[in-house]
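Residue numbers (my numbering): 3 to 305.
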């Protein structure tokens, strides 16, 4: 169990590194410094000038995830009889990884179009979320001595966390579209856009859509946090949900600063990275909440 958990976490960390490098590459206008795929300018190791090092490093991190995914799949296959919940998760990880590789190629072919960027980002985050879920599922034997959570409490907490996680994911993907389409400064006032709630320009519409989903995420997060700290007994759920709320508050501040300071590169990257972290935090909280309702394995010995 421990080995699977370690490799799942390692794969998630490397995948997160690839996500950050990809975001940094695009924000700095280096997304097309390697105009071909999988090689770069027809070479395995190209000249690293003109920002090529960022795109090449992003690809290196992405391909470095492959052996880790293979190890995770192998270990999960060995433990499938002890933890049936691993089966759909490892299928999801393998499928999302292959789709992500294809989307990486498509993003290059499509010149980093906004839609391709959103699909690439969203799939990457779903891939990392699946790895996080695998890591959490391997903790099921550790709950063997704990009293089971009351069904109504578990259901309400899990439902709130699921809604918050989905809202965070949608907000993040819409934000990726805002950034890649150049709509980051389409609305320079808050909470309305140029004094209007209903806008007609496409850039303003997508910006307001991003703000709307951000507000929904914040509202759901507040409700979930209150319910969890009043009713949830699991320290892991409380800790990860609390971390998610703290990161969400930070995200709101970063969003305001980006608009006020006119999108400085470092703040744009911080906004993207923090969005990914808060999504991962809520995925972790949701996973910890759900595993308490799963059937414990017959053999709980760690491997």
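Where is the CB? At the ideal position from N, CA and C, for every residue including glycine.
How far does the alpha helix (DSSP H) with residue i in it reach, from first residue to last?
i: residue 54; result: 54-80
i: residue 271; result: 267-293
i: residue 92; result: 88-111
i: residue 39; result: Where residue 39 is concerned, there is no enclosing alpha helix (DSSP H), given that its DSSP letter is neither H nor E.
i: residue 127; result: 116-139
i: residue 218; result: 204-233
i: residue 10; result: 4-29
Just tell me which of the options has its CA closest to the CA of residue i.
i: residue 89; options: 107, 217, 281, 135; result: 135
i: residue 100; options: 77, 76, 65, 73; result: 65
i: residue 278; options: 173, 267, 67, 44; result: 173
i: residue 27; options: 119, 77, 73; result: 119
i: residue 52; options: 206, 199, 33; result: 33
i: residue 111; options: 127, 103, 39; result: 39
i: residue 233; options: 160, 113, 207, 183; result: 160
i: residue 273; options: 178, 191, 207, 20; result: 178
i: residue 221; options: 251, 201, 204; result: 251
i: residue 203; options: 188, 169, 142; result: 188
What distance in whole Å lies between the Cβ atoms of residue j and residue i, which are believed to be in contact at a cut-off of 8 angstroms?
i: residue 181; j: residue 229; result: That belief does not hold up - the Cβ atoms of residue 181 and residue 229 are roughly 32 angstroms apart, past 8 angstroms.
i: residue 283; j: residue 249; result: 6 angstroms
i: residue 209; j: residue 185; result: 5 angstroms
i: residue 79; j: residue 171; result: Contact flag wrong, Cβ pair sits at about 28 angstroms.
i: residue 17; j: residue 67; result: 5 angstroms
i: residue 166; j: residue 219; result: 7 angstroms
Roughly how many angstroms separate the alpha carbons of residue i and residue j, rounded to a whole number?
i: residue 82; j: residue 94; result: 14 angstroms
i: residue 131; j: residue 286; result: 8 angstroms
i: residue 30; j: residue 267; result: 7 angstroms
i: residue 164; j: residue 239; result: 13 angstroms
i: residue 293; j: residue 125; result: 23 angstroms
i: residue 108; j: residue 69; result: 22 angstroms
i: residue 62; j: residue 36; result: 13 angstroms
i: residue 102; j: residue 270; result: 23 angstroms
i: residue 55; j: residue 47; result: 10 angstroms
i: residue 211; j: residue 84; result: 44 angstroms
i: residue 6; j: residue 87; result: 14 angstroms
i: residue 199; j: residue 206; result: 10 angstroms
i: residue 8; j: residue 288; result: 20 angstroms
i: residue 44; j: residue 117; result: 26 angstroms
Per DSSP, what kind of secondary structure is residue i in: helix, strand or coil?
i: residue 198; result: strand
i: residue 178; result: helix
i: residue 258; result: helix
i: residue 183; result: coil
i: residue 298; result: With a pLDDT of 48 at residue 298, under the threshold of 50, the modelled position of that residue is not reliable, and the figure given next carries that caveat. Coil.
i: residue 264; result: coil
i: residue 191; result: coil
i: residue 160; result: helix
i: residue 142; result: helix
i: residue 85; result: coil
i: residue 33; result: coil
i: residue 249; result: helix
i: residue 168; result: helix
i: residue 238; result: helix
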